[in-house]
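Novice: Per the numbering used here: the sequence shown ends with 654, consecutive numbering throughout. Handing you this structure, nothing more for now.
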Amino acid sequence: MNHGKKKGRPREEDLDFVRREMTSVERLKSGFEQFKKEVYEKKPEVFNQLAEGQSPKIENIIVIGHSRCGGIKALLSIKDNASLGTDFIEDWVKICTPAKEAVNQAHSDLSFEEQCSKLEKEAVKVSLENLKTYPYVKEGLENKTLALYGGYYDFVNGAFETWEA
């Protein structure tokens with residue numbers, strides 16, 4: 490795949506590769522059949538026990554943002570008290586308005602694209618703070634049985650970073 494910094498539409502052969510590899514329902518079904526034959530049918534006692542009840546213990550939650558996020562671009566495009574004209578997207582992204590305000594205040598001198606990049610990460614921080622308002626998350630953090638992490642996937646430059654909340 491082309492990982493260069495050239496902007497514009499991806500090459501058609503790259504798009505075909507992604508479509509082939511990521512949209513195959515048959516591949517999903519085949520994988521399930523393999524799992525059923527090699528795991529499920531060989532260990533029925535495990536799955537019988539799971540059928541009786543489960544109580545997963547979540548130890549880590551990671552919220553991940555990504556480069557070139559359309560939702561973030563939409564949020565940054567909304568002028569004060571204006572509307573995008575699409576309630577679904579607008580309601581979804583306005584949750585991160587505090588992140589937008591922080592980026593506008595600290596980085597108003599940057600280009601729109603650079604502000605989007607800053608906002609993609611800042612929105613993760615807002616989401617992590619929102620998670621801390623849930624009683625079971627707050628309790629898990631206080632008891633040190635749960636950890637929160639932020640992450641950012643930059644698929645343009647092939648980078649991934651994480652941080653503890």
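For each residue, glycine too, the CB sits at the ideal point set by N, CA and C.
Residues in the same chain with beta-carbon distance under 6 angstroms from K607, minus the five sequence neighbours each way, listed in chain order, please.
Specialist: So the qualifying residues of the chain are V592, H596.
Novice: Can you name, in chain order, every residue of its own chain whose Cβ lies under 8 angstroms from the Cβ of F521, other than the five neighbours on each side?
Specialist: Hits under 8 angstroms: none found.
Novice: Cutting at 7 angstroms between CB atoms, please list the residues of its own chain near Q604, excluding the five before and the five after it.
Specialist: Answer for Q604: L565, V592, H596, listed in chain order.
Novice: So, do the region 622-631 and the region 526-536 have three or more beta carbon pairs nearer to each other than 8 angstroms?
Specialist: The region 622-631 vs the region 526-536: no contact.
Novice: Name the DSSP beta bridge partners of V528, please?
Specialist: Answer is none; V528 lacks a bridge partner.
Novice: What residues match up with I553 in a beta bridge as DSSP calls it?
Specialist: DSSP lists G640 as partners of I553.
Novice: Is I551 closer than 7 angstroms to G678 when the C-beta atoms are compared?
Specialist: Nothing can be reported for residue 678: it is not among the residues displayed for the chain, which extend from 490 to 654.
Novice: Can you tell me the Cα-Cα spacing of E501 and G559, whole angstroms?
Specialist: Taking the straight line from one Cα to the other gives about 21 angstroms.
Novice: When you compare only the Cα positions, how much space is there between M490 and Q543?
Specialist: Low local confidence applies: a pLDDT of 44 at M490 is under 50, so the model's placement there is unreliable, with the coordinate-based value given in what follows. Going from the Cα of M490 to the Cα of Q543 covers about 42 angstroms.
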